[in-house]
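Data first, discussion second: the structure below is written as structure tokens.
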Amino acid sequence: MRYRTRASIALIAVLAMLMTLMAPVASAHPEDGGGHDVLERESSSQALIEHDAEMSDIVSSGPSGKKIKNLDLVGRGDRLVANATTDVWAHDGYAYTGTFNSPCNTPEAGVWVWDVHNKNNPSFVGVIQSEPGDRTNDVRVASMNSGDILVMSNESCGGGDGGFEVWDVDDPENPVKLASVTISESDLNTISPLFFAPGALDNVGVHNLWLFTQGDKDYVAATSEGAFDNFRIYDITDPTSPSLVSGWGAEELVPGLPAGVDDYSDLTLVTDPGGLITGNALNDLFSGFGASANKFLHDVTISADGTRAYLANWDAGLVLLDISDPSDPQVVSVALDPVNGSLDGEVNSHSVWPSEDGTIVVEGEEDFSPFGTEFSITTGPDAGVYEAFELGFTTPINTLPGQEMSGPTKYVGLACNSSDSVPAGSGTDIALVLRGDCRFDEKASNVIAATGYAGMVVFTANPGDAPFPGGGNDRAIPGVMVGNATGLAIAGVASMADLVIGSAGESVSASTEPNAWSGLRIWDYSDPSNPILASLFDTVCSANPVDPSCDPAGTYSVHNVQVESRGNKTFAYVSWYSDGMLVLDVSDPYNPVEIARFFDNSQEFIDSNGGQPHDYWGVYKVENSPYIFASDRNGGLAIFKEKGIGSAKKGGNKKP
Numbered sequence: 038m039r040y041r042t043r044a045s046i047a048l049i050a051v052l053a054m055l056m057t058l059m060a061p062v063a064s065a066h067p068e069d070g071g072g073h074d075v076l077e078r079e080s081s082s083q084a085l086i087e088h089d090a091e092m093s094d095i096v097s098s099g100p101s102g103k104k105i106k107n108l109d110l111v112g113r114g115d116r117l118v119a120n121a122t123t124d125v126w127a128h129d130g131y132a133y134t135g136t137f138n139s140p141c142n143t144p145e146a147g148v149w150v151w152d153v154h155n156k157n158n159p160s161f162v163g164v165i166q167s168e169p170g171d172r173t174n175d176v177r178v179a180s181m182n183s184g185d186i187l188v189m190s191n192e193s194c195g196g197g198d199g200g201f202e203v204w205d206v207d208d209p210e211n212p213v214k215l216a217s218v219t220i221s222e223s224d225l226n227t228i229s230p231l232f233f234a235p236g237a238l239d240n241v242g243v244h245n246l247w248l249f250t251q252g253d254k255d256y257v258a259a260t261s262e263g264a265f266d267n268f269r270i271y272d273i274t275d276p277t278s279p280s281l282v283s284g285w286g287a288e289e290l291v292p293g294l295p296a297g298v299d300d301y302s303d304l305t306l307v308t309d310p311g312g313l314i315t316g317n318a319l320n321d322l323f324s325g326f327g328a329s330a331n332k333f334l335h336d337v338t339i340s341a342d343g344t345r346a347y348l349a350n351w352d353a354g355l356v357l358l359d360i361s362d363p364s365d366p367q368v369v370s371v372a373l374d375p376v377n378g379s380l381d382g383e384v385n386s387h388s389v390w391p392s393e394d395g396t397i398v399v400e401g402e403e404d405f406s407p408f409g410t411e412f413s414i415t416t417g418p419d420a421g422v423y424e425a426f427e428l429g430f431t432t433p434i435n436t437l438p439g440q441e442m443s444g445p446t447k448y449v450g451l452a453c454n455s456s457d458s459v460p461a462g463s464g465t466d467i468a469l470v471l472r473g474d475c476r477f478d479e480k481a482s483n484v485i486a487a488t489g490y491a492g493m494v495v496f497t498a499n500p501g502d503a504p505f506p507g508g509g510n511d512r513a514i515p516g517v518m519v520g521n522a523t524g525l526a527i528a529g530v531a532s533m534a535d536l537v538i539g540s541a542g543e544s545v546s547a548s549t550e551p552n553a554w555s556g557l558r559i560w561d562y563s564d565p566s567n568p569i570l571a572s573l574f575d576t577v578c579s580a581n582p583v584d585p586s587c588d589p590a591g592t593y594s595v596h597n598v599q600v601e602s603r604g605n606k607t608f609a610y611v612s613w614y615s616d617g618m619l620v621l622d623v624s625d626p627y628n629p630v631e632i633a634r635f636f637d638n639s640q641e642f643i644d645s646n647g648g649q650p651h652d653y654w655g656v657y658k659v660e661n662s663p664y665i666f667a668s669d670r671n672g673g674l675a676i677f678k679e680k681g682i683g684s685a686k687k688g689g690n691k692k693p
């Protein structure tokens with residue numbers, strides 16, 4: 038809750054420190070004309086102010102959450118399936134939550150609709166189903182010129198085409214489908230950055246969406262998961278017939294490449310004999326910072342007047358576009374500070390939300406690499422230290438006995454369901470796995486099923502492919518990814534043609550050093566053409582993954598954020614995975630203050646949550662009201678109410 042110097046950033050990244058910190062309290066304000074408890078936070082306790090000053094160079098001095106909750110969990114819409122719920126939105130007495138891969142091609146895949154007129158007792162209405170083979174990451178609902186419109190993203194999870202759908206939800210309990218858009222139908226390319234391998238070059242769909250209007254025109258902005266023009270604007274004034282208006286992508290920021298290029302054959306795209314797509318534009322789009330170095334768009338928020346688009350563009354940074362003319366987006370500025378903008382040198386611009394007047398912008402960085410990986414080949418002629426990244430879905434190496442994955446290797450091929458079977462290991466073997474043809478978690482499952490492996494090393498199939506922390510559903514085996522040359526050196530062969538499944542390779546060792554998860558960047562946009570990094574905000578656990586107060590199995594990356602302005606105050610509402618739900622006062626962007634948090638790791642809560650801890654993914658704040666909607670990946674829908682004076686001591690709202 039402070040601006041950090043480079044020296045303090047380096048200190049935090051190296052040292053394992055911090056104490057269990059005290060909790061702030063919030064004050065209540067009389068009801069507004071609408072009858073809502075509106076919270077005003079003119080001041081916290083004097084003790085908190087003094088403590089904040091003392092800790093200003095470290096991390097958030099918000100509550101540890103072990104004894105004190107500053108938000109009441111007042112209602113739940115249970116969907117007690119682990120890792121099954123995605124984003125959340127609410128509109129006019131109804132809430133909407135999306136779904137992960139696990140229900141793909143079942144009636145559960147799509148948008149779950151909840152009646153939340155009674156915040157204390159939400160009731161399940163039904164499912165607006167995804168297209169076959171797709172799942173829904175994002176859902177948005179708004180009152181448009183044509184009525185109440187819902188848009189939902191389609192991402193391929195079982196062979197679906199991907200895209201988005203448009204629904205009439207004037208009656209949310211009887212939605213009417215208006216249109217289905219497949220992105221590739223109007224795509225300029227079909228190259229996917231998510232599955233960048235021979236035979237898998239399809240656009241996997243749409244990740245995030247945003248509804249906006251300009252006068253009598255209605256639009257939806259879509260985050261396309263192709264290689265170029267990730268930001269798409271569609272005209273849905275006639276919601277039964279969406280039409281593509283324009284596209285923009287970070288490739289237009291590449292020096293020397295023409296802006297607004299529509300024919301990507303001009304960008305020297307070629308295919309080498311190994312099937313690797315190369316070219317100036319793609320090379321730049323993979324030349325970011327840290328473990329996850331791409332520059333693809335993740336999320337977008339558009340100003341209330343529909344003229345400014347704030348793009349969380351991963352390692353390209355935070356891009357502000359002028360979309361006054363939706364057919365011709367223009368770059369206003371790029372906010373990017375890889376040195377001072379995080380604790381670990383990552384950028385990973387993931388979520389963004391501006392204040393009402395646009396002078397304050399809160400940006401979330403998502404990072405699943407809280408440890409730096411140290412990897413060595415320990416035997417043979419190529420013994421030495423090599424670049425590697427710990428896989429983001431495997432057993433954390435720092436939780437292993439001796440905090441090390443080590444042993445002799447055995448080459449097992451692709452380890453896909455459709456490939457040759459994985460031979461059994463000796464019990465101490467490390468499986469050497471070739472990247473490609475199937476998901477990383479499928480490879481891990483087949484290595485586990487073969488038995489006899491103490492870990493896995495995935496290596497890239499093409500010399501030009503950089504290793505990265507591949508993702509997937511959790512698997513109970515440690516693992517890392519290395520480059521192609523490193524994989525061949527481990528196997529002890531000169532070329533891919535020399536690889537033989539079942540052959541023994543050199544011994545390897547992998548360990549980790551604590552780095553950091555990720556936090557918030559708060560920007561001063563007083564001059565939109567020249568944004569200034571005002572401050573960073575991290576929690577104890579996001580700043581230091583080995584702090585004793587943090588669960589080693591927890592996820593402490595920040596995820597989504599929403600900003601609300603009330604009078605001269607500006608607040609950020611944040612879903613922070615295992616850290617819970619947070620509320621920050623960012624009225625002074627140079628000094629953000631945590632004022633509320635919900636965190637409950639009690640056995641009682643876990644039992645009520647299907648045996649799983651909370652894992653907050655999405656957030657939606659009801660304007661000018663104390664209610665906050667959240668999506669719990671493990672538990673479904675959660676509804677919170679901000680608490681007032683006395684809540685920390687007495688556990689309830691207290692009005693003056």
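The opening residue of the sequence shown carries number 38 in our numbering; numbering runs sequentially from there.
Cβ coordinates follow ideal geometry from the N, Cα and C atoms, glycine included.
As assigned by DSSP and simplified to three states, the class of glycine 462: For the purposes of this step, residue 462 is taken as the residue at position 425 of the sequence shown. If DSSP states are grouped into helix, strand and coil, glycine 462 belongs with coil.
CB of valine 494 within 8 Å of CB of leucine 469, strictly: Translated into the one-based positions of the sequence shown, residue 494 becomes position 457. Translated into the one-based positions of the sequence shown, residue 469 becomes position 432. A Cβ-Cβ contact shorter than 8 Å links valine 494 with leucine 469.
Nearest neighbour of glycine 325, chosen from Tyr448, Phe505, Ile339, Phe477 [CA to CA]: Taking the sequence shown and counting its residues from 1, one reaches residue 325 at position 288. The shortest C-alpha separation from glycine 325 is found at Phe505.
Buried/exposed call for lysine 214, threshold 16 Cβ in 10 Å: Residue 214 sits at position 177 when you count from the first residue of the sequence shown. Lysine 214 counts as exposed, since fewer than 16 other beta carbons sit within 10 angstroms of its beta carbon.
Residue burial classification, serine 180 (beta-carbon count within 10 angstroms, cutoff 16): Position 143 of the sequence shown, counted from the start, is the residue given in the question as residue 180. Exposed, because fewer than 16 other Cβ atoms sit within 10 Å of the Cβ of serine 180.
Aspartate 321 - DSSP class collapsed to helix/strand/coil: Residue 321 sits at position 284 when you count from the first residue of the sequence shown. In this structure, aspartate 321 counts as helix in the three-state DSSP scheme.
Distance between beta carbons of tyrosine 627 and serine 572, contact taken as under 8 Å: As a working note, residue 572 is residue 535 in the sequence shown. As a working note, residue 627 is residue 590 in the sequence shown. Cβ atoms of serine 572 and tyrosine 627 come within 8 Å of each other, at about 5 Å.
Residue interval of the alpha helix (DSSP H) (run including isoleucine 632): Counting from one through the sequence shown, the residue named residue 632 turns up at place 595. Element bounds for isoleucine 632: not the alpha helix (DSSP H) but the beta strand (DSSP E), 630–635.
Glutamine 166, buried or exposed, once every other Cβ within 10 Å from all chains shown has been counted against 16: Looking up residue 166 in the sequence shown gives position 129. The residue in question, glutamine 166, is buried, as its Cβ has 16 or more Cβ neighbours within 10 Å.
Straight-line Cα distance separating lysine 332 from alanine 702: Given a span of 38 to 693 for the chain in the structure shown, any question on residue 702 remains unanswerable.
Which of helix, strand or coil DSSP assigns to alanine 547: Taking the first residue of the sequence shown as position 1, residue 547 is located at position 510. Of the three classes helix, strand and coil, the one that applies to alanine 547 here is strand, per DSSP.
Paired residues, beta bridge with tryptophan 247 - DSSP: Here residue 247 corresponds to residue number 210 of the sequence shown, with the count starting at 1. Beta-bridge pairing links tryptophan 247 to Ala258.
Burial state of glutamine 599, where buried means 16 or more other Cβ atoms lie within 10 Å: To locate residue 599, count along the sequence shown from 1; it is residue 562. By the 10 Å Cβ count, glutamine 599 comes out buried.
Buried or exposed by the 16-neighbour rule on C-beta atoms within 10 Å, applied to isoleucine 414: Working through the sequence shown from its first residue, we reach residue 414 at position 377. Result: buried.
For leucine 488, the nearest candidate out of Gly509, Lys447, Leu187, Val111 (CA to CA): On the sequence shown, residue 488 is found 451 positions in, with the first residue counted as 1. One detail in the question is off: residue 488 reads as threonine in this sequence, not leucine. For threonine 488, the nearest C-alpha among the options comes from Lys447.
Through-space distance from glutamate 145 to arginine 116, alpha-carbon basis: Position 79 of the sequence shown holds residue 116. Position 108 of the sequence shown holds residue 145. Approximately 10 Å between the Cα atoms of the pair.
Ordered list of beta strand (DSSP E) runs contained in the segment 113–193, each at least 3 residues: If we require 3 residues or more, the beta strand (DSSP E) runs fully inside the segment 113–193 come out as 122–128, 131–136, 147–152, 160–166, 176–181, 184–193.
Length of the line joining the Cα atoms of alanine 633 and glutamate 679: Sequence index remark: in the sequence shown, residue 633 carries index 596 (1-based). Sequence index remark: in the sequence shown, residue 679 carries index 642 (1-based). Going by the C-alpha atoms only, they are around 8 Å apart.
Glutamate 262 and valine 241 closer than 8 Å at C-beta: Here residue 262 corresponds to residue number 225 of the sequence shown, with the count starting at 1. Here residue 241 corresponds to residue number 204 of the sequence shown, with the count starting at 1. Yes, these two residues count as a Cβ contact at 8 Å.
Per-residue burial, aspartate 652 [other beta carbons within 10 Å of its own, 16 or more giving buried]: The count along the sequence shown starts at 1 and reaches residue 652 at position 615. Residue environment analysis places aspartate 652 among the buried positions, since at least 16 neighbouring C-beta atoms fall within 10 angstroms of its C-beta.
Neighbourhood of glutamate 87 by C-beta distance below 8 Å, restricted to the same chain and skipping five residues each side: Position 50 of the sequence shown holds residue 87. Confidence in glutamate 87 is poor, its pLDDT being 42 and thus under 50, which makes the residue's placement unreliable; the coordinate value appears in the next sentence. Take glutamate 87, set aside five residues on each side of it, and no residue of its chain has a beta-carbon closer than 8 Å to its own.
Buried or exposed by the 16-neighbour rule on C-beta atoms within 10 Å, applied to histidine 596: Mapped onto the sequence shown, residue 596 falls at position 559. Per the 10 Å Cβ criterion, buried.
Proximity of phenylalanine 762 and glycine 617 at Cβ, strictly below 8 Å: Missing from the structure shown is residue 762; the chain here goes from 38 to 693 and no further.
Length of the line joining the Cα atoms of serine 443 and alanine 452: For the purposes of this step, residue 443 is taken as the residue at position 406 of the sequence shown. For the purposes of this step, residue 452 is taken as the residue at position 415 of the sequence shown. Here the C-alpha atom of serine 443 lies approximately 20 Å from the C-alpha atom of alanine 452.
8 Å contact criterion, which glycine 648 and arginine 113 should meet: CB distance rounded: Position 611 of the sequence shown, counted from the start, is the residue given in the question as residue 648. Position 76 of the sequence shown, counted from the start, is the residue given in the question as residue 113. With a Cβ gap of about 15 Å, glycine 648 and arginine 113 do not count as contacting.
Buried/exposed call for asparagine 483, threshold 16 Cβ in 10 Å: Counting from one through the sequence shown, the residue named residue 483 turns up at place 446. By the 10 Å Cβ count, asparagine 483 comes out buried.
Stretch-stretch touch, CB-based, cutoff 8 Å, three pairs: the segment 510–528 with the segment 418–432: The segment 510–528 is in contact with the segment 418–432.
Terminal residues of the beta strand (DSSP E) in which glutamine 599 lies: One-based indexing of the sequence shown puts residue 599 at position 562. Segment 597–603, the beta strand (DSSP E) holding glutamine 599.
Other residues of its chain near valine 497: CB distance less than 8 Å, five sequence neighbours each side excluded: Along the sequence shown, read from residue 1 onward, the residue named residue 497 stands at position 460. Contrary to the premise, residue 497 reads as threonine rather than valine in this sequence. Within the same chain, and ignoring the five residues on either side of threonine 497 in sequence, the residues whose Cβ sits closer than 8 Å to its Cβ are Arg472, Ala503, Pro504, Met518, Val519, Gly520, Asn521, Gly524.
Endpoints, beta strand (DSSP E) assigned at aspartate 561: Here residue 561 is taken as the residue at index 524 of the sequence shown, counted from 1. Boundaries of the beta strand (DSSP E) harbouring aspartate 561: 557–561, taken from the DSSP string.
Residues of its chain near asparagine 182, where Cβ-Cβ distance is below 8 Å and the 5 sequence neighbours each way are ignored: Position 145 of the sequence shown holds residue 182. Hits under 8 Å: Thr250, Asp253, Lys254, Asp255, Thr274.
Serine 392 and threonine 607 closer than 8 Å at C-beta: For the purposes of this step, residue 392 is taken as the residue at position 355 of the sequence shown. For the purposes of this step, residue 607 is taken as the residue at position 570 of the sequence shown. Taking 8 Å as the Cβ cut-off, serine 392 and threonine 607 qualify as a contacting pair.
8 Å Cβ cutoff, aspartate 365 in contact with chain B: Checking the listed chains, one finds no chain B in this structure; it contains a single protein chain.
C-beta atoms of alanine 346 and alanine 264 nearer than 8 Å: Sequence index remark: in the sequence shown, residue 346 carries index 309 (1-based). Sequence index remark: in the sequence shown, residue 264 carries index 227 (1-based). Not closer than 8 Å, so no.
Threonine 410 and proline 589 closer than 8 Å at C-beta: For the purposes of this step, residue 410 is taken as residue 373 along the sequence shown, with counting starting at 1. For the purposes of this step, residue 589 is taken as residue 552 along the sequence shown, with counting starting at 1. Result no, Cβ atoms of threonine 410 and proline 589 do not sit closer than 8 Å.
Rounded C-alpha distance that separates asparagine 510 from asparagine 120: The residue you call residue 510 lines up with position 473 of the sequence shown. The residue you call residue 120 lines up with position 83 of the sequence shown. So the two alpha carbons sit approximately 8 Å from each other.
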